Amino acid sequence: MKYAYYPGCAAKGATPELHQATLKVTERLGIEIVEIDNFNCCGAGVITEADPDLAYLLNAKTLATAEAMGLDIMTVCGTCQGTLGGMNKALQKDEVLRNRINTSLKEATGLTYNGTVSVKHLQWILVKDYGLEALERAVVRPLRKLAIAPFYGCYILRPASATGFDNWENPQSLEKLIKALGAEPVAYDGRTKCCGFPVFLEKEEIALEMVGSRVSEASIKGANAMVTPCPLCHMSLDIYQERAEKKIEREQDRVETSMPILHLPQLLGLALGFTSKELGMKRHFVSTASIDDILSVE
Amino acid sequence: MGEASCWGFLALAYTFVRTQITVQRFNPDKSPEHFVSNYSIEYDRGTTLLSALLNIKNQMDGTLTFRASCRAAICGSCLMQVNGVQKLACRLSLHEELETRGKIHVAPMANMLVIKDMVVELAPFWKKIKAITPYVVSTEQEVGARHAVPALQNIHELLHNADGCIMCSACLSACATFEASPNFLGPAALAKAYRFVVDPRDEARQSRLELLQEDDGIWDCVRCNLCVSVCPKDVAPMEQIVRLRRLLIAEGFNESVAAAHIIEFTKVVGEEGRLNETRLPLLMLWGHWGKLLRMIPLGIKMFLHGKAPFPFQWPKGYKQVQAIFKSRNK
Numbered sequence: 001m002k003y004a005y006y007p008g009c010a011a012k013g014a015t016p017e018l019h020q021a022t023l024k025v026t027e028r029l030g031i032e033i034v035e036i037d038n039f040n041c042c043g044a045g046v047i048t049e050a051d052p053d054l055a056y057l058l059n060a061k062t063l064a065t066a067e068a069m070g071l072d073i074m075t076v077c078g079t080c081q082g083t084l085g086g087m088n089k090a091l092q093k094d095e096v097l098r099n100r101i102n103t104s105l106k107e108a109t110g111l112t113y114n115g116t117v118s119v120k121h122l123q124w125i126l127v128k129d130y131g132l133e134a135l136e137r138a139v140v141r142p143l144r145k146l147a148i149a150p151f152y153g154c155y156i157l158r159p160a161s162a163t164g165f166d167n168w169e170n171p172q173s174l175e176k177l178i179k180a181l182g183a184e185p186v187a188y189d190g191r192t193k194c195c196g197f198p199v200f201l202e203k204e205e206i207a208l209e210m211v212g213s214r215v216s217e218a219s220i221k222g223a224n225a226m227v228t229p230c231p232l233c234h235m236s237l238d239i240y241q242e243r244a245e246k247k248i249e250r251e252q253d254r255v256e257t258s259m260p261i262l263h264l265p266q267l268l269g270l271a272l273g274f275t276s277k278e279l280g281m282k283r284h285f286v287s288t289a290s291i292d293d294i295l296s297v298e
Numbered sequence: 299m300g301e302a303s304c305w306g307f308l309a310l311a312y313t314f315v316r317t318q319i320t321v322q323r324f325n326p327d328k329s330p331e332h333f334v335s336n337y338s339i340e341y342d343r344g345t346t347l348l349s350a351l352l353n354i355k356n357q358m359d360g361t362l363t364f365r366a367s368c369r370a371a372i373c374g375s376c377l378m379q380v381n382g383v384q385k386l387a388c389r390l391s392l393h394e395e396l397e398t399r400g401k402i403h404v405a406p407m408a409n410m411l412v413i414k415d416m417v418v419e420l421a422p423f424w425k426k427i428k429a430i431t432p433y434v435v436s437t438e439q440e441v442g443a444r445h446a447v448p449a450l451q452n453i454h455e456l457l458h459n460a461d462g463c464i465m466c467s468a469c470l471s472a473c474a475t476f477e478a479s480p481n482f483l484g485p486a487a488l489a490k491a492y493r494f495v496v497d498p499r500d501e502a503r504q505s506r507l508e509l510l511q512e513d514d515g516i517w518d519c520v521r522c523n524l525c526v527s528v529c530p531k532d533v534a535p536m537e538q539i540v541r542l543r544r545l546l547i548a549e550g551f552n553e554s555v556a557a558a559h560i561i562e563f564t565k566v567v568g569e570e571g572r573l574n575e576t577r578l579p580l581l582m583l584w585g586h587w588g589k590l591l592r593m594i595p596l597g598i599k600m601f602l603h604g605k606a607p608f609p610f611q612w613p614k615g616y617k618q619v620q621a622i623f624k625s626r627n628k
């Protein structure tokens with residue numbers, strides 16, 4: 001099992017703990033990864049707003065690089081998965097588009113993409129390629145006392161034409177993974193909604209409302225922590241949680257909470273026996289000490 | 299298909315199976331609280347949720363209240379939440395929904411004031427539609443001369459199906475921004491605005507663009523794709539909002555922080571090959587001093603937590619990205 005690893009900008013920038021935990025977890029599970037060391041930004045849907053063909057070119061460069069390596073791509077970011085994976089599907093399906101993009105790509109970089117690469121998030125790889133039973137066997141510390149609220153993020157689910165793994169109306173892959181690690185998945189409506197990240201700098205009040213709603217709903221339903229396959233959702237729910245709580249406390253009668261937010265590889269890492277420090281949790285804004293406490297009681 | 303299997307298929311199609319429909323009810327004349335009713339019904343492969351609800355109303359419980367008219371996904375009246383998702387009852391096969399979800403739980407549209415059972419107050423939806431002036435503004439029409447407004451020749455390429463809306467309000471009910479910010483104009487109205495902005499016969503283009511870039515307009519969309527996913531008519535409202543954003547930036551409406559987000563994000567990636575989360579906020583908020591000041595404590599905390607990359611980086615491969623940008627600018 002070998003993949004070309006596309007970390008994405010966040011795992012190499014504001015959420016380095018995601019990259020750290022990914023390396024640990026994939027090594028322990030025996031998933032071989034070769035980092036695309038010259039990777040570039042997927043555009044995160046933002047560059048598409050400026051110039052769709054430019055976004056296609058950037059992603060075609062990544063896809064052509066993986067194709068030359070002879071490997072499928074593994075992502076660890078929901079937004080990268082939606083953008084790179086969605087554009088891959090479009091390039092594979094639409095020959096006219098692929099030819100147009102390839103003409104410019106070849107001129108600028110010498111690369112050509114023939115449409116042979118698959119793009120898969122670690123979440124999907126574990127459920128389908130690696131398998132839940134194999135994952136269960138690899139667990140050395142079942143997370144029995146933890147109730148975990150899955151938070152999918154938009155891009156790994158929608159639009160269905162770009163993703164095509166989970167049914168966006170009722171996705172189950174995170175729940176399956178949480179169960180395989182021995183923890184209890186928490187059911188709540190907000191798990192498939194938006195984290196607010198895209199409008200933080202422009203409309204903080206809207207974003208804080210979203211963060212506050214997601215976190216307090218998960219808390220009311222009894223979650224000890226939330227887990228997400230997207231580092232942008234992680235940033236939103238972790239970095240802005242304190243501000244969101246202040247707002248919620250002031251405006252509404254919702255529970256005050258301090259909710260640890262975990263990257264998916266961090267949750268996996270805990271069940272595989274790594275310490276929270278080894279998984280980079282000290283970098284989080286919201287302390288994850290409560291998780292250590294629950295696990296150490298066991 | 300052989301005769302035997304053909305009969306087998308027909309027998310399967312007309313085999314009635316019993317299931318339970320759970321309905322979230324509300325009747326303010328009786329109680330201020332919501333309550334739940336369960337109905338046991340028979341269905342076959344052709345039964346829609348609407349036909350089941352009509353049967354319940356006619357034969358089991360006349361108090362069950364919902365809107366419905368055309369039964370053919372044209373009038374947009376019977377929109378409700380089924381298993382938490384906005385759907386037209388007339389277009390939903392009970393058989394298929396049970397296959398994928400295993401249950402039928404019906405509730406009124408989310409984020410709307412419930413009047414009774416499935417009937418919600420739609421005035422806020424219509425107010426948003428009216429706010430974008432949902433018709434072609436033409437002085438020729440106003441003077442009442444015999445110059446009819448000419449029909450559009452290339453309407454399908456031009457409108458990207460933005461005119462396919464049946465006003466069912468599924469998108470507004472599902473919209474993440476509307477839930478958090480009720481004054482947001484919302485997906486349906488903004489998709490309709492796109493429809494008139496690109497209409498060459500319309501004479502109100504400039505005032506439309508000015509309205510759209512204000513607070514509660516196109517920049518408040520979080521691009522969650524919920525509207526695209528629930529729309530029963532493939533109007534893809536978010537995609538029309540993205541087209542409006544591209545159009546507004548091209549026409550010089552680029553002073554907002556949201557426009558700067560797109561412009562500066564693209565610029566940073568063009569220079570460094572990757573997004574730099576330290577540099578982007580500085581570039582975006584330059585000149586918007588209040589917002590920048592508010593971000594400084596967060597920036598310092600991120601730095602202390604090892605989450606702020608150095609503001610200038612040239613990772614491996616950035617020259618190829620620069621070459622791609624150069625080829626686009628040509």
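Residue numbers (our numbering), protein chains in the order written: chain A, 1 to 298; chain B, 299 to 628. From the three backbone atoms N, C-alpha and C, an ideal C-beta is built for every residue, glycine too. It should be emphasised that the depicted structure is a prediction, and the values quoted were computed from it without experimental measurement.
Spatial distance of residue i from residue j (CA atoms)
i	j	result
MET299 of chain B	TRP305 of chain B	Unreliable placement is indicated for MET299 of chain B, whose pLDDT of 49 sits below 50; the coordinate value is still reported in the next sentence. So the two alpha carbons sit approximately 10 Å from each other.
GLY30 of chain A	ALA183 of chain A	22 Å
PRO260 of chain A	PRO422 of chain B	37 Å
PRO530 of chain B	MET465 of chain B	10 Å
ALA558 of chain B	ASN552 of chain B	6 Å
LEU57 of chain A	LEU97 of chain A	11 Å
ASN523 of chain B	LEU208 of chain A	19 Å
LEU181 of chain A	LYS277 of chain A	19 Å
GLU477 of chain B	ILE206 of chain A	9 Å
ASN366 of chain A	GLY115 of chain A	Any property of residue 366 of chain A remains undetermined from this structure, which presents chain A solely from 1 to 298.
THR361 of chain B	GLY86 of chain A	46 Å
VAL566 of chain B	GLU549 of chain B	22 Å
Assigned secondary structure, residue i (DSSP; H/G/I helix, E/B strand, else coil)
i	result
ARG158 of chain A	coil
ARG214 of chain A	helix
MET299 of chain B	Unreliable placement is indicated for MET299 of chain B, whose pLDDT of 49 sits below 50; the coordinate value is still reported in the next sentence. If DSSP states are grouped into helix, strand and coil, MET299 of chain B belongs with coil.
HIS284 of chain A	coil
GLU95 of chain A	helix
THR317 of chain B	strand
ASP72 of chain A	strand
MET407 of chain B	coil
ARG144 of chain A	coil
ILE453 of chain B	helix
GLN322 of chain B	strand
PHE333 of chain B	strand
HIS263 of chain A	strand
Beta-carbon neighbours of residue i, restricted to chain A and to distances below 9 Å
i	result
LYS599 of chain B	ILE239 and PHE285
Partner residues on chain A for residue i, Cβ-Cβ distance less than 8 Å
i	result
ARG543 of chain B	GLU49
Residue i: contacting residues in chain B (beta-carbon distance under 8 Å)
i	result
ALA108 of chain A	GLN618, ALA621, ILE622, LYS624 and SER625
Chain-ordered neighbours of residue i on chain B, where CB pairs are closer than 7 Å
i	result
CYS230 of chain A	Here the premise fails: no neighbours, minimum Cβ distance about 12 Å.
Reference residue i, options the options, closest by Cα
i	options	result
ILE73 of chain A	A:ARG144, A:VAL34, A:GLY45 and A:CYS194	A:VAL34
GLY110 of chain A	A:LYS128, A:LEU91, A:ALA60 and A:GLU49	A:ALA60
LYS617 of chain B	B:ASN356, B:GLY571 and B:LYS565	B:GLY571
ARG626 of chain B	A:TYR130, A:GLU107 and A:HIS234	A:GLU107
LEU390 of chain B	B:THR361, B:THR431, B:LEU351 and B:VAL435	B:LEU351
TYR6 of chain A	A:ALA244, A:ILE101 and A:THR83	A:THR83
GLY604 of chain B	A:LYS145, A:GLN172, A:LYS2 and A:GLN20	A:GLN20
VAL404 of chain B	B:LEU420, B:GLU419, B:ALA387 and B:GLU394	B:ALA387
PHE623 of chain B	A:VAL117, A:SER258 and A:ALA50	A:ALA50
ARG141 of chain A	A:SER213, A:THR275 and A:LYS176	A:THR275
Chain B contact residues for residue i, given Cβ-Cβ distances below 9 Å
i	result
PHE39 of chain A	GLY571, ARG572, PRO613, LYS614 and GLY615
Chain-ordered chain A contacts of residue i [CB-CB under 7 Å]
i	result
ALA474 of chain B	LYS193, CYS194 and MET210
TRP587 of chain B	Within 7 Å Cβ-Cβ: nothing; TRP587 of chain B doesn't reach chain A, min ~13 Å.
Self-check item: Three CB pairs or more closer than 8 Å across the segment 314 to 324 of chain B and the segment 408 to 422 of chain B
Solution: Because the criterion of three Cβ pairs below 8 Å is met, the segment 314 to 324 of chain B and the segment 408 to 422 of chain B touch.
Quiz item: Are at least three pairs of beta-carbons, each pair with one atom in the segment 380 to 391 of chain B and one in the segment 532 to 550 of chain B, less than 8 Å apart?
Solution: No: the two stretches stay apart, fewer than three of their Cβ pairs being nearer than 8 Å.
Quiz item: On the three-pair Cβ rule with 8 Å, is the segment 216 to 234 of chain A touching the segment 147 to 154 of chain A?
Solution: With a cut-off of 8 Å, the segment 147 to 154 of chain A and the segment 216 to 234 of chain A count as touching, because enough Cβ pairs lie within range.
Quiz prompt | At least 3 beta-carbon pairs within less than 8 Å: the segment 13 to 25 of chain A vs the segment 264 to 281 of chain A | solution = The segment 264 to 281 of chain A and the segment 13 to 25 of chain A touch, with three or more beta-carbon pairs separated by less than 8 Å.
Quiz item: Is it true that the segment 477 to 491 of chain B meets the segment 515 to 532 of chain B, where meeting means three or more beta-carbon pairs spaced less than 8 Å apart?
Solution: The answer is yes - the segment 515 to 532 of chain B touches the segment 477 to 491 of chain B, with three or more Cβ pairs under 8 Å.
Quiz item: Pairing CB atoms from the segment 188 to 201 of chain A with CB atoms from the segment 113 to 128 of chain A, are three or more of them under 8 Å?
Solution: Counting Cβ pairs under 8 Å, fewer than three are found: no touch.
Practice problem: Evaluate the contact criterion for the segment 155 to 163 of chain A versus the segment 198 to 207 of chain A: three or more CB pairs, one atom per stretch, below 8 Å. | Solution: The segment 155 to 163 of chain A vs the segment 198 to 207 of chain A: no contact.
Quiz item: If you pair each beta-carbon of the segment 395 to 412 of chain B with each one of the segment 471 to 486 of chain B, do three or more pairs fall below 8 Å?
Solution: Because the criterion of three Cβ pairs below 8 Å is met, the segment 395 to 412 of chain B and the segment 471 to 486 of chain B touch.
Quiz item: Given 8 Å as the limit, is there contact between the segment 230 to 245 of chain A and the segment 283 to 290 of chain A, that is, 3 or more CB pairs closer than that?
Solution: Touching, yes.
Quiz item: Do three or more CB pairs link the segment 499 to 509 of chain B to the segment 561 to 568 of chain B at distances below 8 Å?
Solution: No, the segment 499 to 509 of chain B is not in contact with the segment 561 to 568 of chain B.
Quiz item: Between the segment 137 to 146 of chain A and the segment 39 to 47 of chain A, do at least 3 Cβ pairs fall closer than 8 Å?
Solution: The segment 137 to 146 of chain A is not in contact with the segment 39 to 47 of chain A.
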